[in-house]
Amino acid sequence: KQEVTQIPAALSVPEGENLVLNCSFTDSAIYNLQWFRQDPGKGLTSLLLIQSSQREQTSGRLNASLDKSSGRSTLYIAASQPGDSATYLCAVRGGRGSARQLTFGSGTQLTVLP
Amino acid sequence: DVKVTQSSRYLVKRTGEKVFLECVQDMDHENMFWYRQDPGLGLRLIYFSYDVKMKEKGDIPEGYSVSREKKERFSLILESASTNQTSMYLCASSLFGTGIVFGPGTRLTVL
Numbered sequence: 011k012q013e014v015t016q017i018p019a020a021l022s023v024p025e026g027e028n029l030v031l032n033c034s035f036t037d038s039a040i041y042n043l044q045w046f047r048q049d050p051g052k053g054l055t056s057l058l059l060i061q062s063s064q065r066e067q068t069s070g071r072l073n074a075s076l077d078k079s080s081g082r083s084t085l086y087i088a089a090s091q092p093g094d095s096a097t098y099l100c101a102v103r104g105g106r107g108s109a110r111q112l113t114f115g116s117g118t119q120l121t122v123l124p
Numbered sequence: 025d026v027k028v029t030q031s032s033r034y035l036v037k038r039t040g041e042k043v044f045l046e047c048v049q050d051m052d053h054e055n056m057f058w059y060r061q062d063p064g065l066g067l068r069l070i071y072f073s074y075d076v077k078m079k080e081k082g083d084i085p086e087g088y089s090v091s092r093e094k095k096e097r098f099s100l101i102l103e104s105a106s107t108n109q110t111s112m113y114l115c116a117s118s119l120f121g122t123g124i125v126f127g128p129g130t131r132l133t134v135l
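Sequence lines, in order, name chains A and B.
In short: position in the first sequence from 1, add 10, done, that's our numbering.
In short: position in the second sequence from 1, add 24, done, that's our numbering.
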């Protein structure tokens with residue numbers, strides 16, 4: 011059974027810092043990996059989707075990488091801003107069994123201090 | 025702008041009531057999902073559907089049922105609401121192999 015871990019559970023940084031959020035998974039046979047942002051009381055907003063054949067994806071100040079062999083993905087946020095404060099979740103779509111199911115990490119709660 | 029919409033942002037119901045949560049997507053996605061999210065427990069899959077009238081149980085289907093009569097609509101039904109079903113309910117949809125898109129969520133309180 012796929013397990014997804016995100017460490018740390020919470021992170022606090024001063025504005026302007028570059029930071030890296032980590033996501034690890036136990037089964038490397040995946041279709042894709044997706045990073046989300048969730049603001050309190052809201053739904054999940056998709057940030058980046060990396061297919062299993064890709065190594066990274068970029069959108070603005072965000073860059074996500076994928077290393078299937080080691081079961082790891084990182085989300086890099088450049089020049090962090092207070093508006094980046096949110097919980098960030100990663101989700102892996104499995105390659106065995108039902109490919110329609112996702113396994114979510116428990117998230118990293120990010121606070122960017124002004 | 026493609027989207028997933030949910031019928032209510034906030035809902036308050038009484039124990040024993042039958043509750044319907046509606047979800048509509050405008051992206052012609054084949055797959056639709058219902059999750060609940062609780063502090064400390066993360067996102068848990070209740071049911072998902074990969075086609076009209078097709079459904080599969082997720083990790084926590086007890087106390088819930090679903091209906092998918094049209095491709096764009098996926099309903100979650102609480103047959104007899106209980107206080108332990110107080111939660112944030114998130115609907116989502118996807119095409120096979122692509123990213124998943126979530127709705128805004130429904131915060132359900134059962135008194």
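Yeah, the Cβ is synthetic: ideal placement off N, Cα and C, and Gly gets one too.
Given the structure is predicted, the values throughout are model-derived calculations rather than measurements.
Host beta strand (DSSP E) of A:Ile-40 (start-end): 40-48
Helix, strand or coil for B:Asn-108 per DSSP? helix
Just to confirm, does A:Lys-11 get its C-beta within under 8 Å of one of the non-hydrogen atoms of the ligand ATP? Ligands displayed in this structure: none; no statement on the ligand ATP is therefore possible.
Note the first and the last residue of the continuous beta strand (DSSP E) segment covering A:Asp-37. First-last for A:Asp-37: undefined, no H or E at that position.
Provide the residue span of the beta strand (DSSP E) that contains B:Thr-130, from first to last. 130-134
Would B:Leu-135 count as contacting chain A if we go by Cβ distances under 9 Å? no
Closer than 8 Å between beta carbons: that is the criterion. Which residues of the stretch 74-88 of chain A meet it against chain B? none
When we look at the beta-carbon of B:Phe-72 and count the other beta-carbons within 10 Å, is it buried (16 or more) or exposed? buried
Counting only beta-carbon atoms, is B:Ile-124 nearer than 9 Å to chain A? yes
Starting from the C-beta of B:Thr-110, find all residues in its chain whose C-beta is less than 8 Å away, skip the five residues before and the five after it, and write them out in chain order. Leu-132, Thr-133 and Val-134
Where do the ends of the beta strand (DSSP E) carrying B:Arg-92 lie? 88-94
Using a Cβ-Cβ distance cut-off of 9 Å, determine whether B:Leu-114 contacts chain A. yes
Give every residue of the same chain whose Cβ lies closer than 7 Å to the Cβ of A:Gln-12, excluding the five residues on either side of it in the sequence, and list them in chain order. Phe-35, Thr-36, Asp-37, Val-102, Gly-104 and Thr-113
Outcome for A:Gln-163 when other beta-carbon atoms lying within 10 angstroms are tallied against a minimum of 16: One cannot answer for residue 163 of chain A here, as it falls past the ends of chain A, which runs 11 to 124.
Give the single residue among A:Gln-111, A:Gly-26, A:Glu-27 and A:Asn-32 whose Cα lies nearest to the Cα of A:Gly-117. A:Asn-32
Taking C-alpha atoms, which residue in B:Leu-114, B:Tyr-34 and B:Val-125 lies nearest to B:Leu-67? B:Leu-114
Between A:Leu-120 and chain B, is there a C-beta pair that is closer than 9 Å? no
CA-to-CA distance, A:Leu-43 to B:Gly-87, given in whole angstroms: 30 Å
Taking all protein chains shown into account, decide if B:Leu-119 is buried (16 or more other Cβ within 10 angstroms of its Cβ) or exposed. exposed
Should A:Asn-42 be flagged as near chain B, meaning a C-beta pair shorter than 9 Å? yes
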